[in-house]
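Some notes on the structure that comes next.
Residue numbers (mature numbering (1 follows the signal peptide of the UniProt record, and there is no 0)): -26 to -1, 1 to 476.
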């Protein structure tokens, strides 16, 4: 493929959620992320109903689908009806724990996952859940911690748990009041950023500290140090009306958390990743996600319009080594290195995760993964990968969070695709990624698009775990000789955005 490096996105790319002409998203609670404010004032026919998705997804500052594209998407039929289930014979759903209690509402979206020992930690827009997974086939809910703050992406390190808040609140407490609109912040203090919990007793997490960060914390990434753990905070969407999120926002925040005194955690650096000269004169409004690979001293970032690779040997002074743009990418979402660090999967979250983009109208190269090779100096495009199954017009479906399955000598990835289910593919040959396992459910509703599906799907110590936005906590068993060697790798702790070497 030619012309990938530095090619600007085509003006007509369809990237916002597809909700119009009879498709409606389910109700969204006030604690959901208010990314809809990123929409520029528009009376165009193309963006007439994007506001219906306010708070649900990641990105609504781009153009919506055209009416003709939307009509085509509505006309297509999913392969599964409501209540239907399908998949490859080598991947089985072992169990599902439905959402419950304070997290049972439709607007209480399940989000990211982290693991430590016999526990899984599952984010939710209303807080987080701790599961006992010592018997993966029979996981047990240990405790729910109610602490609203979208997205509540979660990670763990030793006795500490970190929680991202990318919505505005009256203060940093778990009982604060949400301030959903920009106008709500006028003339008053407000808070968004990182929360820190002590999980030395996983059955009784204790809130110990918070750190406010500019534009909040949409996602975060842990970078271990000697006496501290550093947190790379990704946020975006500056607004002149927000006192603590002023444009341009072409930076990340780096939090220093002293391991012997986590209550003294503080913002230690705010490196500007995209000065004008480095970004060819185009302002960048922040990053969505960063994945660190400490073994190689590298990190890969998915930023507003750019995929980047950074040198992080000095955690407080990351240096961009290369950056690319892709004409088929609408919203650079996340990144994953292969184990050797010679390939990187970047994901395009076309429509912010809220639209039905897995259909012939959108095609195989948009809302997909782009696999790039890395030679230590530069990124080069190799191929796209997207699930081959068509989804219904009421199923939000696009590439989302996944992880490597640690098979020595192979590059195998398991990934969430929202209501497109989960997919396992081999990209050892980066030019020819090949799926060999999958699981899919039918839509949540035949008539309206309810935000749902697998948010994060990760491999951990022999099983695949998935946090399903509406249906709860899933555990899968992948029985396939291609991944059998992975059972020899055991992790004491796993955060997908801080890649371990195997």
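All C-beta atoms in this analysis are idealised placements derived from N, C-alpha and C, irrespective of residue type, glycine included.
- In this structure, residue 195 sits near residue 266, with a CB-CB distance shorter than 8 Å.
- For residue 205, the beta-bridge partners assigned by DSSP are 196 and 229.
- Here the alpha carbons of residue 144 and residue 134 stand approximately 24 Å from one another.
- Burial state of residue 188 is buried, judged by a 10 Å Cβ sphere holding 16 or more other Cβ atoms.
- Residue 277 and residue 211 have their C-alpha atoms roughly 11 Å apart.
- The three-state secondary structure of residue 57, taken from DSSP, is coil.
- Excluding sequence positions up to five before and after residue 289, its CB lies within less than 8 Å of the CB of 197, 199, 204 and 228, all in the same chain and listed in chain order.
- Taking every protein chain shown into account, the CB of residue 406 has fewer than 16 other CB atoms within 10 angstroms, so this residue is exposed.
- Contact check for residue 275 against residue 299 fails: the beta carbons are separated by 8 Å or more.
- For residue 310, the closest of 281, 332, 235 and 113 by C-alpha to C-alpha distance is 281.
- A straight-line Cα-Cα distance of about 11 Å links residue 169 and residue 240.
- If you look at residue 266, you'll find it in the beta strand (DSSP E) that goes 261 to 267.
- A Cβ-Cβ separation of about 6 Å places residue 130 in contact with residue 95 under the 8 Å criterion.
- In this chain, residue 166 is not harboured by any beta strand (DSSP E), its DSSP state being neither H nor E.
- A Cβ-Cβ separation of about 22 Å leaves residue 184 out of contact with residue 262 under the 8 Å criterion.
- By the 16-neighbour rule on beta-carbons within 10 angstroms, residue 362 is exposed.
- About 14 Å separates the beta carbon of residue 372 from that of residue 431, a gap too long to meet the 8 Å contact definition.
- Ranked by Cα distance from residue 82, the options 102, 355, 155 and 60 are led by 102.
- Per DSSP, reduced to three states, the secondary structure at residue 290 is coil, with no helix or strand assignment.
- Residue 360 sits close to residue 343, with the two beta carbons spaced by under 8 Å.
- Going by DSSP, residue 439 is part of the beta strand (DSSP E) stretching over 437 to 442.
- Residue 340 sits buried, since 16 or more C-beta atoms from the chains shown fall within 10 Å of its C-beta.
- Taking the C-beta atoms as reference points, residue 353 is found no nearer than 8 Å to residue 411.
- By the Cβ-count criterion, residue 383 is exposed, with fewer than 16 other Cβ atoms from all chains shown falling within 10 Å of its own Cβ.
- Inter-residue distance for residue 163 and residue 118 is about 29 Å (C-alpha atoms, whole angstroms).
- Of the residues assessed, residue 318 falls on the buried side of the cut-off, its CB having 16 or more other CB atoms within 10 angstroms.
- Going by C-alpha positions, residue 399 is about 29 Å away from residue 294.
- Per the C-alpha coordinates, the member of 110, 173 and 270 positioned closest to residue 435 is 110.
- Assignment of residue 75 by DSSP, reduced to helix, strand and coil, places it in the helix class.
- For the pair residue 402 and residue 459, the Cα-to-Cα distance works out to about 15 Å.
- Contact annotation: residue 176 and residue 116 have beta-carbon atoms nearer than 8 Å.
- The DSSP-derived three-state label of residue 457 is coil.
- Bounds of the beta strand (DSSP E) holding residue 389 are 386 to 390.
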